[in-house]
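Residue numbers (my numbering): 1005 to 1329.
Glycine included, every Cβ here is placed at the ideal spot set by N, Cα and C.
Values in this document were obtained by computation on a predicted structure and should not be read as measured data.
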Amino acid sequence: MKATAKAHSNIAFIKYWGRKEETLRLPSNGSISMNLSNLFTTTTVEFRSDLNKDDVLVNGEENNAINSRISKHLDRIRMLLQKNIYAKVISQNSFAASAGLASSASGFAALTVAGVAAAGLHLSEKELSILARQGSGSACRSIPDGFVEWLDGNTSEDSYAYKLFDQSYWDLCDIVTVISKEKKDVPTSTGQQTASSSIFFQTRLNNIAQKIKTCKNLIKTKNFDEFGKLIEMEALELHTIMFTSWPSLIYLEPTSLTVMKEVKKLRDEGISVYFTIDAGPNIHIICQAKDIDIVQKRINSIPEIIETIVNQPSKGTYLLEDHLF
Ligand code: DP6
1005 MKATAKAHSN IAFIKYWGRK EETLRLPSNG SISMNLSNLF TTTTVEFRSD LNKDDVLVNG
1065 EENNAINSRI SKHLDRIRML LQKNIYAKVI SQNSFAASAG LASSASGFAA LTVAGVAAAG
1125 LHLSEKELSI LARQGSGSAC RSIPDGFVEW LDGNTSEDSY AYKLFDQSYW DLCDIVTVIS
1185 KEKKDVPTST GQQTASSSIF FQTRLNNIAQ KIKTCKNLIK TKNFDEFGKL IEMEALELHT
1245 IMFTSWPSLI YLEPTSLTVM KEVKKLRDEG ISVYFTIDAG PNIHIICQAK DIDIVQKRIN
1305 SIPEIIETIV NQPSKGTYLL EDHLF
C-alpha cells in the first residue's frame, strides 16, 4: 500500500537541547512549540516486495547520511510490522533543508505517519509521536495540532508530545527571516550531544520546569509581551549554551545580529515583537497578526535578507490522497 503524509515544521518556544538518553532520544528537558503553516514536508511511502533495499529520494537527491537515517527509521516501522520489506520513499520540503528551519522535524513526522499508514498499521497520536521522536526529537512535536508540549519522560512510553491548544487558539505569527540557505556545518544531532559540556547547562536544567510552567500559563492567558520576553530570553540562553559548549557552536551570522537588533528597535518604537532562534542563523520573529505588515516591511528592508516566510499556527501531521509517485 502507498500512503502520503504532510507534516509542518515547528518552532520551539522552550527548546530541546541535550539528551538524557541517546538511542531513544529522550531529551534532558521538556519543550513547547507551535507548528508552522508554511514550512512543511510531504512524503510518500510504499513498501514493495520487489525492492532489495530502501529506495529514498529527498528533495530529488540521494544523500547517504540522510538516507541511512531514514532507513533506520523505516526499520522501526518494519519491527512493528514484523516483516522485512523495503520501501520506496519520496519526500519534498517546502523550504531549504538543514539550514536550521527544522527540516528533520517535519521530515520525520511525515515519514512516520506515511510509513505507518503504508504498512497498514494503526497507531494513536501518542504512539506516532513516540515513534517520530526516535527519528528526530523535535519531530514528535509536529505530530499533534497547534501549540504543543513534549514531555521529557523517563522511558520511551512517557516521552511524547500532545496538543496544548488548537492552531486557532492564538493568532500569533512567525516571520522566518532567511539569512542563509547553506547547509549547517555542525548538524543539530551533534550539538545535542555536546550541550552538557557547557558550564551553564545544569543551571538551565535547574530552572526549566518553572520556565515551562510559566510559558504554558502565558500562552493560556495570551499575555503576549510576557510571553515574548520569556521566549526571547530562552533563545539567548540556548545560544549561550551553544557558545560555551566544547566544541563551541556558533550558528549565528552577522546578519542574524542585525535582525535581532532591528527587532529590539521595533520594540523601542512601541511595536510588540520578539525573536527566537533554533540551531541556525535564521531568525524567527514572533508577533501578533495585527502587526505583520509593519514588521515584515521593516525586516525586508535589511538588504542582506534572502527572504521572509510568514507562518501562522498550523495543524500537525495528516494523510493526503495525492501521492508523490
Ligand atoms: C535547537 O530535533 O533536530 O531546534 O533529535 O538530533 O534530530 P535530533 O535534534 P533536533 O533538535 C532541535 C533543536 C532545536 C530546538 C528545538 O527545536 O527544540
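#1: Rounded to whole angstroms, what's the CA-CA distance from K1265 to E1065? Just pull it up for me.
#2: Could you compute how far the alpha carbon of K1215 sits from the alpha carbon of F1231?
#3: From this set, H1012, S1032 and V1180, which residue's C-alpha is nearest Q1206's C-alpha?
#4: Report the partner residues of A1011 according to the DSSP bridge assignment.
#5: Looking only at its chain, what residues have a beta carbon closer than 6 angstroms to the beta carbon of S1075, apart from the 5 residues adjacent to it on each side?
#6: Taking 7 angstroms as the cut-off, decide whether the C-beta atoms of G1349 and Y1020 are in contact.
#7: Kindly identify the DSSP beta-bridge partner or partners of H1243.
#8: Less than 7 angstroms separating the beta-carbons of H1012 and S1172?
#9: Does the count of Cβ pairs from the stretch 1178-1193 and the stretch 1245-1262 closer than 8 angstroms reach three?
#10: Buried or exposed: where does W1250 fall if 16 or more other Cβ atoms within 10 Å of its Cβ makes it buried?
#11: Measuring from the CB of T1225, is there a heavy atom of ligand 1 at a distance below 6 angstroms?
#12: Going by DSSP, what residues sit across from Y1278 in a beta bridge?
#13: Compute the Euclidean distance between the alpha carbons of D1333 and A1016, then round it to the nearest angstrom.
#14: Can you give the beta carbon distance from Y1166 to P1148, rounded, assuming they're within the 8 angstroms contact cut?
#15: In three-state terms, what does DSSP make of M1005?
#16: How is R1302 classed by DSSP in three states: helix, strand or coil?
#17: Using a Cβ-based criterion (distance less than 6 angstroms to any ligand heavy atom), does R1271 qualify as near ligand 1?
#18: Between the alpha carbons of K1233 and H1288, how many angstroms are there, rounded?
#19: Do L1235 and T1280 have their C-beta atoms closer together than 7 angstroms?
#20: Within 10 angstroms of the Cβ of L1040, are there 16 or more other Cβ atoms? Answer buried if so, exposed if not.
#21: Name the two residues that bound the continuous alpha helix (DSSP H) containing K1265.
#22: What does DSSP give as the partner residue(s) for V1117 in the beta ladder?
Taking the definition as stated:
#1: 37 angstroms
#2: 11 angstroms
#3: S1032
#4: T1045
#5: D1058
#6: This structure cannot speak to residue 1349, because the chain is shown only from 1005 to 1329.
#7: Beta-bridge pairing links H1243 to no other residue.
#8: no
#9: yes
#10: Around the C-beta of W1250, fewer than 16 other C-beta atoms lie within 10 Å, and the residue is accordingly described as exposed.
#11: no
#12: Y1278 is bridged to I1290.
#13: There is simply no residue 1333 to check, as the chain begins at 1005 and stops at 1329 in what is shown.
#14: That pair is a contact at about 6 angstroms.
#15: coil
#16: helix
#17: no
#18: 14 angstroms
#19: The amino acid occupying residue 1235 in the given sequence is Ile; Leu does not appear at that position. With respect to the 7 angstroms criterion, I1235 and T1280 are classified as neighbours on the basis of their beta carbons.
#20: It is buried - the Cβ of L1040 has at least 16 other Cβ atoms within 10 Å.
#21: P1258 to D1272
#22: Partner(s): none; V1117 has no beta bridge.
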